[in-house]
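Asker:
Residue numbers (our numbering): 44 to 196.
1. Pick out whichever of 59, 80, 46 and 57 has its Cα sitting closest to the Cα of residue 146.
2. From the DSSP output, in three-state form, read off residue 123 for me.
3. For the beta strand (DSSP E) that residue 52 lies in, which residues bound it at each end?
4. Within the continuous alpha helix (DSSP H) that includes residue 98, where are the two ends?
5. Taking only the alpha-carbon atoms, compute the straight-line gap between residue 75 and residue 46 and give it to the nearest angstrom.
6. Would you check if the distance between the CB atom of residue 92 and the CB atom of residue 137 is smaller than 8 Å?
7. Quick one: Cα of residue 70 to Cα of residue 186, how far?
8. Measuring alpha carbon to alpha carbon, tell me which of 85, 126, 51 and 62 ends up nearest residue 100.
9. To the nearest angstrom, how far is the alpha carbon of residue 115 from that of residue 128?
10. Between which two residues does the alpha helix (DSSP H) containing residue 142 stretch?
11. Just tell me which of 142, 78 and 135 has its CA closest to the CA of residue 160.
12. Using CA coordinates, which residue listed in 119, 110, 120 and 156 is at the minimum distance from residue 141?
13. Return the bridge partner residues of residue 76 from the DSSP annotation.
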């Protein structure tokens, strides 16, 4: 039984698995949106979010920790200067996983993982109640009946 056993193995040894996840995180930082299998996306999400959190803290120690994962100074700079400031007022949840069907060759569940874009200055839509929805539906129905009653010339 796998009780309290965290993480997926992907049929790889530890070094290979670690390299795979690092490369996925690098690709996500470079292009900000990648398509991979659903399991890999879910597994890399925690590593990606950890790197973004390092970027939000911004100290030299956190730069070094991010470098351990990314292995490239330009990518570390991008995380700390471009990506992390977007999420300065957000406590986690920097990535989104969208299911993207199944791969043709082996029918593996595919997913798109991307950074969540925080829109500044956009007012969140107001909550609609069932009463509001019923009123809108009644208004639409009355418009339809008025159009049907008017004879065409």
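Each residue gets a CB set at the ideal place from its N, CA and C atoms; glycine is no exception.
Answerer: Taking the definition as stated:
1. Selection 59, 80, 46 and 57 evaluated against residue 146 yields 80 as nearest (Cα-Cα).
2. In the three-state reduction of the DSSP assignment, residue 123 falls in the helix class.
3. Careful: residue 52 lies outside any beta strand (DSSP E) and carries neither H nor E.
4. Looking at the DSSP string, the run of the alpha helix (DSSP H) that includes residue 98 is 81-100.
5. Straight-line Cα distance between these residues: approximately 34 Å.
6. Going by C-beta atoms, residue 92 is nearer than 8 Å to residue 137.
7. When the Cα atoms are used, residue 70 and residue 186 turn out to be separated by approximately 52 Å.
8. When C-alpha distances from residue 100 are compared across 85, 126, 51 and 62, the shortest belongs to 126.
9. About 19 Å.
10. Here residue 142 belongs to no alpha helix (DSSP H); instead the beta strand (DSSP E) covers 138-145.
11. Here the closest residue by C-alpha is 135.
12. It is 156 whose Cα lies nearest to the Cα of residue 141.
13. The partner list for residue 76 (beta bridge, DSSP) reads 157.
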